[in-house]
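Chains as they are written, first to last, in our numbering: chain B, 2 to 311; chain V, 2 to 311; chain P, 2 to 311.
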């Protein structure tokens, strides 16, 4: 399934953050350099990121990966995916719309990627819904991805499903309802996101992992450092696949950068393109067209100079 | 499969019907109020309608549901569909592009929806073609949907497949070839559409059902009252998925309205948006973009004040 | 999978070829008349070509077939495909994104099309990758399509897979790496393309076959006559599905024309539309919209008067 309320963000909130404001990452911070380098490297080297993703938004995932400068391959057969994994930069798995055979296929693929030591991105779409999806997500626990991108509810559910919270934290989290969208939802997922990121890093070949929580103000963490990314466009919730294609583009960036930089670069690239597209759009149809154009045209400087709140 | 000749309608034919003309539903008719209310309620409440629909046009179905103000979830697993059915407003099933496992899945889903007493919309795409599709459609007979939306041929075939015609009527229908598109095709499906609507109502939890036949002039009936809806755009036949996405939007409206109102509101919403899009388009590519924008921008008054011929 | 580097061509290279230049097919050559006739016949008769194609680009395949004037049906069930084959003009099979059951389904479909003597187009996407894809493509060897459309690597791999080269030619080909994109890649596939075309013709009900190799300058051959088609747009490599949809449109043309004319008309139609779209586009989003509009609006004369190098 693909419920696209995951990237609800408000362009109006951006104006409060420009300039050398308190909390904004310094303009010469090394992370900004790494983000700009990632954007330029993708455009210069056209890295291949493959995807196992849902049928609803698979076309937009591929087109977004192409529009940021990468290239795309989609597959649903474990042998194909593991063959391609050996020659591509990163793999993206999205559990949105499931077919019955995915349960075995995705379990085998995650195991294979782990054995190969290959980086991958998970979008745990609709985590918590349905026995098949739960079985798939549980099977990823000990062979986890390098980056997880989701909305607040999905991050909270995945953290609980994998049993990452200690007893006290779980009791605290339990006071907030999972699965309900709200203005403060991203904040409600912060403890879960941090725990998840540390879990990913602990299982990662190079000791690094990251989690991106999409919402009115995106939250990205590597488990130690936290960043809030204001901006984007509310129209992103009025096209299907904004979240799915963001996950795919995290995969593209993960092919050339470390997990935190990849999650940051992709989220910022989407937010700036969303704002440009909203200014030119007359509705969700033209928004999608303008959004792909803006992914293509926005500069590395526009992306790397974004407001990044610590 | 997805043969999109199902929404062939001519904008040119609209000019003959504006004003207080004979046969046009009075401007203060309660049905017009219900249609306007449905349009506003969808935009105010963002209802969830889920879909089990074909891979060709699944993205447009979701985007059309979002563009009219609803939200979308797509699934192909019976457990997921029945779980979501309990929390969503309506379900949409489209038998366009089939995979082998759909036969069991769709039979189980229809049975489950019936047992739950949940409203659903069927698009019997290509009814009559292939043994798998026929087996699926036959299995729906005694646990039928709340609304059927199709082209004339599909309505005629479904009526025969379910054995709804009496012997005389069937003999009369048999003089018209099913499966052939023609200018009078919608008229040829009127007896079948009325019988189908009465069959749906007889099996509906609340005693209501409706059938929408798309064509040059759409025909909508609840089995007792008939309405003809002129207008739309011939370019709707030059993009894939106009009919499929109309079915999905009937689902969105069925989440907030009775079957007749839902079928009327969705058909009128599509016709007005089609005319607006055609006026701005330079071909089928820009037509689809403009169409989604127009679904988003057309007002409740423009939809509810449409020509509705009794 | 869908790696869309298959239609990389440069509009800039076109300017060198206009006018009555050496090597350009004479303006009164019968092939130009056949191409113009094919374009007009598709627009006048709306032929049905069905497709068994990948989920990534299935929507664009259908929309491109509609935009050139044809109509589309998509199916994945052998019974449906063979039922439709009997009433449609041509079938298109694309092995891009595979599901497990495709291996048996596609083997049965190719056998059935051969027994029915029906024309079909193959896009051997990612030929050489994965055991399932290889098994499928090998099963087509003795019941082959009427036209193959692919990029240079895919044509080279298919030629080797089917063992069409004699020992010397195979040794010569082996000096060039398959699967690597390069500026001279189309030239590297010419011997393989010619052998493939002769193999298709030898197994064709009417003794005709053709192969189209997409690249910076497309190459089309019937095994005896070779044609080079300069032009197109580099933006075609920045949307997913340019190659897949070209294969679908070859199917549309194959419904009304001989294999060589169909491959030529579709390739030229795409190149001219790509140039028109590039001139109007601001990025890959607007390019796709403009491209569908241009497929619809470009004239039969613009297509048939293209530079065609012998």
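Glycine included, every Cβ here is placed at the ideal spot set by N, Cα and C.
Distance from residue 82 (chain P) to residue 43 (chain P) at the Cβ level is roughly 21 Å; contact not present, criterion being Cβ atoms closer than 8 Å. Residue 284 (chain B) places its beta carbon less than 7 Å from that of residue 297 (chain V). Counting only residues of its own chain and dropping the five nearest sequence neighbours on each side, residue 230 (chain P) has a CB closer than 8 Å to the CB of 218, 219, 220, 221, 265, 268, 269, 272, 307, 308, 309 and 310.
Neighbours of residue 95 (chain B) across chain V, judged by C-beta separation under 8 Å, do not exist; the nearest C-beta is about 13 Å away. Contact between residue 34 (chain B) and residue 49 (chain B) is ruled out by a C-beta separation of about 25 Å, above the 8 Å threshold. Per DSSP, the unbroken beta strand (DSSP E) holding residue 92 (chain B) starts and ends at 91-95. The criterion of a C-beta distance shorter than 7 Å is not satisfied by residue 244 (chain P) and residue 62 (chain P).
Cβ neighbours of residue 108 (chain V) within its own chain (closer than 6 Å, five residues either side excluded): 140. The Cβ of residue 297 (chain P) sits closer than 7 Å to at least one Cβ of chain V. Taking residue 36 (chain B) as the centre and dropping the five residues before and after it, the same chain places the C-beta of 262, 265, 266, 269, 304 and 305 closer than 7 Å to its C-beta, in chain order. For residue 143 (chain B), the closest of B:199, B:79, B:275 and B:215 by C-alpha to C-alpha distance is B:199. In the DSSP assignment, residue 309 (chain B) falls outside any alpha helix (DSSP H), carrying neither H nor E. Approximately 15 Å separates the beta-carbon atoms of residue 228 (chain P) and residue 39 (chain P); this is outside 8 Å, ruling out the contact.
Closer than 7 Å to the CB of residue 283 (chain B) there is at least one CB belonging to chain V. At a cut-off of 7 Å, the C-beta of residue 290 (chain V) has a neighbouring C-beta in chain B.
Residues of chain B with a Cβ closer than 8 Å to the Cβ of residue 81 (chain V) are, in chain order, 2, 99, 130, 131, 133 and 134.
Cα atoms of residue 162 (chain V) and residue 51 (chain V): separation of roughly 26 Å, rounded to the nearest angstrom. For residue 108 (chain V), no chain P residue has a Cβ inside 8 Å of its Cβ, as the nearest lies near 16 Å away.
Per DSSP, residue 134 (chain V) is one residue of the alpha helix (DSSP H) stretching across 132-140.
DSSP places residue 25 (chain P) outside any alpha helix (DSSP H), giving it a letter other than H or E. Under the three-state reduction of DSSP output, residue 209 (chain B) falls in the coil class, being neither helix nor strand.
Take residue 301 (chain V), set aside five residues on each side of it, and the residues of its chain with a beta-carbon closer than 6 Å to its own are 37, 40 and 41, in chain order. Sorting V:78, V:131 and V:24 by C-alpha distance to the C-alpha of residue 106 (chain V) places V:78 at the top.
Taken through DSSP and simplified to helix, strand or coil, residue 235 (chain V) comes out as helix.
In the DSSP annotation of this structure, residue 148 (chain B) is not part of any alpha helix (DSSP H); the continuous beta strand (DSSP E) holding it starts and ends at 148-152. Beta-bridge analysis with DSSP links residue 219 (chain P) to P:230.
Distance from the CA atom of residue 277 (chain P) to the CA atom of residue 294 (chain V), rounded to whole angstroms, is 24 Å. Between residue 187 (chain V) and residue 148 (chain V) the beta-carbon gap is near 17 Å, outside 8 Å, which marks them as no contact. Annotated three-state conformation of residue 159 (chain P) is helix, per DSSP. Take residue 88 (chain P), set aside five residues on each side of it, and the residues of its chain with a beta-carbon closer than 8 Å to its own are 49, in chain order.
When only Cα atoms are considered, residue 56 (chain P) and residue 56 (chain V) end up about 7 Å apart.
Approximately 6 Å separates the beta-carbon atoms of residue 104 (chain B) and residue 136 (chain B); this is inside 8 Å, confirming the contact.
Each residue's CA atom was taken as its position, placing residue 209 (chain V) and residue 282 (chain P) some 49 Å apart.
CA-CA distance, residue 101 (chain B) to residue 101 (chain P), rounds to 11 Å.
Collapsing the DSSP output to three states places residue 123 (chain B) in a strand. For residue 202 (chain V), no beta strand (DSSP E) segment is defined; the enclosing uninterrupted segment is the alpha helix (DSSP H) at 191-204.
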